[in-house]
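Heads up, the thing below is written out as structure tokens.
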Amino acid sequence: MTWLRALREVVRSGLTIEETRLEPLLALRTAVGVAIVIGPALWLASPAYAASAALGAYSAGAATFQRTWRPRKVIALGAGVGLALSTFLGYLAAGRLATFLPLLAVWAFAAGMAWAVGSTAGIVAATTVGSMLVTVTLPTSIGRALEHAAIIALGGVAQALLILAFPIRRWGAHRDALADALAAVADHARRLRHDPTAPFDPEPLMTARDAAAVTPSQARTRPSVLHGPRGLAERIRPVVAALADPDVGAPAEGPGRDRARELLDAAADVLDAAARSIRRGTPTEVSPGSTDALRVDEEHEVLEGPARQAAERLVELLGEALEIARSGRGSGRTPTPPGPADAQFLVRPTMFRLVPVVVRAVRRELRRDSPVFRHAVRLAAVATLGYLIAARLPVGHGYWVPITSVMVMRPDFHRTYARAVARLAGTLAGVALATGMVRALGPDAHVFGLLAVVSAGLSFTLNRTGYAYSQCFTAAYVVFLLGMGGQGWEQTVPERVVLTLLGGALAMLAYVVFPAWETPRLPGRLADWLAADGRYAAAVLRSYAEPTREHHADMRRALLASREARAAWQETYDRARQEPVRPRGLTSREAEEAQEALKGFDRAAMLMESHVPRDDSRLVPEAERFAEALEADTAQAAVDVREHRNPHWARVEEALRGWEGAAGDGSPVVRRGAELQKQALEDLATAVSRTPLERDVGSAREEQRVRAAAAAEGDGSGPAHRGG
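Going letter by letter, the sequence shown gives residues 111 to 834 in my numbering.
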């Protein structure tokens, strides 16, 4: 992608309104938390203390809107403590560059490394850097430092108490994650009616699994309806795919295909009903037609063989989903499970036990080629450089330069640039709106405090509709706070616009100077996915060769590892498509073809998984030999892909040639699945294999093709662009 096209995508992404469900009650509760600390501080103390209280309450409230599965009150308290600590240290070091700049650099670097834990930790840590930068404009003394730090922490405590006193949709995020997983399988079933090989995105299932990990204290209060349906969705997904697939399931045409479509439609209705029941916590009725379709007539059933087995298994699983839909079980509690905690539920470490987990995560990212490490270096450099530049400018409130840079910077190119554009646009709109109101109302600290609370509420309400739109009211909120503190609008508003523009430009320039491009990482991510898929497919085959409980457990672990590798590839691939970087190792067309080939390999393994035999079933010894060959060849091919060599499948071809008579041994599904896997591996080799001459000219051809596509799009002669 060229720089011009990448920048157009950045502007479009930064100003796009995201379609999402608003949560006005949550926004109202958070805005009330801001009001609770502003009002008394303004009445009993001074506007300066009210501003500090507002900083803590607003930032702690904003942290609770991040995507996290921990209790919101814990997030609010953690944000409040972090803000208070950064404020206190900022006070102590303020006044001398020799002490403040090293502190700022170290703190910003640590905030950047917090992305190793997750996006929520990274975003909350960035707000603490902003808090440290604001404090340098206030008087410096240990007593005042403790006072302002305590008031900022009080804002986080106020938000936590409100969450405790007025819970809104308790376990709501966990319910939504589980419901989304069931709804995703329902949507997949509907698409399989028309496209028997329709792909499935496992992200909803991965999100549901992440949401299902709870601490022991959470497990004692978790609603019972959240305890089991995730596994049900996991089991239904391969069964519907196996039923619809013409290679191992229902025939491509005729009465069998019509019956399969009927069952898939009924499965989608039942799963949607179960998803609604979980999301709302109330029973949901299923249409009588769908219930009737799930009755398998032993004498007149048109499906035969593996398709008949898949249909019977699907009806059995959907019976459990029907019970969920009709019962609701919204208010039930899960009793404390006996025995070891990790034997009954997915364990999430408590806050104290999280420390070694964080240390290990940060240590893994402490390498030069890590995007998180490079982001931390950029954040530290930009924060200190921005502060030095602002200190030399003939304007007040120069801290807005480094604050803007810190708040818009992300570990990847596209989000950093999109947020810089969105912040500038939102700041201009919010400043213009607030300025007009300040001029019309005149100086009144109490009125400005009320308007600040209203602006905070609107910012929280629009938090998930797009950064530009929430930032509009955030900018208005800051203008009202400054007005409450006695700052003249004509001195603060124009300055903030200019400083915001400078800070955004500094953040964008930092990524160009010290980037962390994802494009060169594509071969490595593809190799990781291939190796993980090979282990998963081998584990499925071993469950046919020897269907034991240990092999089933190995298959489950390999499946989860394969999903993680696929998610890592998808994230890298999506980011690489938005980068203005020439292809390195894999062109965009090769990456797309390789991705489709591995999806086909995944699909074949998943089809075999749906028919994995029980412990007392007949063994398939040929599957063990093919599993060994498959695992060895994919492991070697992963090394070849990473080192830009052409992969080969000699062992797989030899094992498949030696697999004779398997269909007569009662294993047509596993034999057909092995053939599909071999075909997918050949497609992968075709996608990534190139002669030396092709390797030399491949990048140049790709660049020429991209330029031609951009030119065609510019003059309107090309196809309509599809956003990515």
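For glycine and all other residues, C-beta sits at the position ideal for the given N, C-alpha and C.
Item, Value
"CA-to-CA distance, L187 to S565, given in whole angstroms", "23 angstroms"
"Distance between beta carbons of L427 and I346, contact taken as under 8 angstroms", "5 angstroms"
"V557 versus I273: straight-line alpha-carbon distance, rounded", "27 angstroms"
"For V469, three-class secondary structure by DSSP", "helix"
"Length at least 4, wholly inside the region 414-442: the alpha helix (DSSP H) runs in chain order", "415-437"
"Reduced DSSP category for V492 - H, G, I as helix; E, B as strand; rest coil", "helix"
"Bounding residues of the alpha helix (DSSP H) (the contiguous stretch that carries P521)", "Run containing P521: none; DSSP gives neither H nor E here."
"Cβ distance (whole Å) where A677 is taken to contact M316 below 8 angstroms", "6 angstroms"
"Segment contact flag, the region 488-502 with the region 615-632, C-beta cutoff 8 angstroms, min 3 pairs", "yes"
"Best match in V425, E734, V749 for proximity to G768 [C-alpha to C-alpha]", "E734"
"Separation of I278 from L135, as counted between CA atoms", "7 angstroms"
"Burial state of V807, where buried means 16 or more other Cβ atoms lie within 10 Å", "Residue placement at V807 is flagged as unreliable, the pLDDT there being 46, under the threshold of 50; the coordinate-derived value follows with that caveat. Classification of V807: exposed, given that the 10 Å Cβ count is below 16."
"Whole-angstrom C-beta distance between A235 and A221, which should lie under 8 angstroms", "4 angstroms"
"Which listed residue (P553, G710, P466) has its alpha carbon closest to that of Q787", "G710"
"Neighbourhood of P339 by C-beta distance below 7 angstroms, restricted to the same chain and skipping five residues each side", "L288, L292, A384, I388, I434"
"Proximal residues to L591 (C-beta, below 7 angstroms), its chain only, five neighbours per side dropped", "A161, A164, A562"
"Alpha-carbon to alpha-carbon, R761 and L740", "7 angstroms"
"8 angstroms contact criterion, which L464 and A322 should meet: CB distance rounded", "About 18 angstroms; that fails the 8 angstroms criterion."
"Whole-number beta carbon distance between E703 and A797, since they are thought to touch under 8 angstroms", "4 angstroms"
"Burial state of I513, where buried means 16 or more other Cβ atoms lie within 10 Å", "buried"
"Exposure of G540, with buried meaning 16 or more beta-carbon neighbours within 10 Å", "buried"
"Rounded straight-line distance, which links the Cα of A421 to that of G366", "11 angstroms"
"Residues near L791 by beta carbon distance below 6 angstroms, same chain, minus five either side", "W759"
"Residue closest to E395, alpha-carbon to alpha-carbon, out of M223, R436, Q688, D375", "R436"
"Rounded C-alpha distance that separates E129 from S580", "14 angstroms"
"Inter-residue spacing [alpha-carbon to alpha-carbon] between I127 and R300", "28 angstroms"
"Same chain, Cβ closer than 6 angstroms to A649, neighbours up to 5 away in sequence not counted", "D664, M665, A668"
"Contact belief for L243 with Y497 at Cβ below 8 angstroms, rounded distance in angstroms", "7 angstroms"
"Exposure of A550, with buried meaning 16 or more beta-carbon neighbours within 10 Å", "exposed"
"Distance between A626 and M111 (C-alpha atoms, nearest Å)", "16 angstroms"
"DSSP state of E812 mapped onto helix, strand, coil", "The predicted position of E812 is uncertain, since its pLDDT is 49 and thus under 50; a value taken from the coordinates is nonetheless stated next. Here E812 sits in helix by DSSP."
"Exposure of H304, with buried meaning 16 or more beta-carbon neighbours within 10 Å", "exposed"
"Exposure of V324, with buried meaning 16 or more beta-carbon neighbours within 10 Å", "buried"
"Reduced DSSP secondary structure (H/G/I, E/B, other) of V349", "helix"
"Helix, strand or coil at V87 [DSSP, three-state]", "With the chain running from 111 to 834 in the structure shown, residue 87 is simply not present."
"A730 (DSSP reduced to helix, strand or coil)", "According to the sequence shown, residue 730 is Val rather than Ala. Three-state DSSP puts V730 in coil, outside helix and strand."
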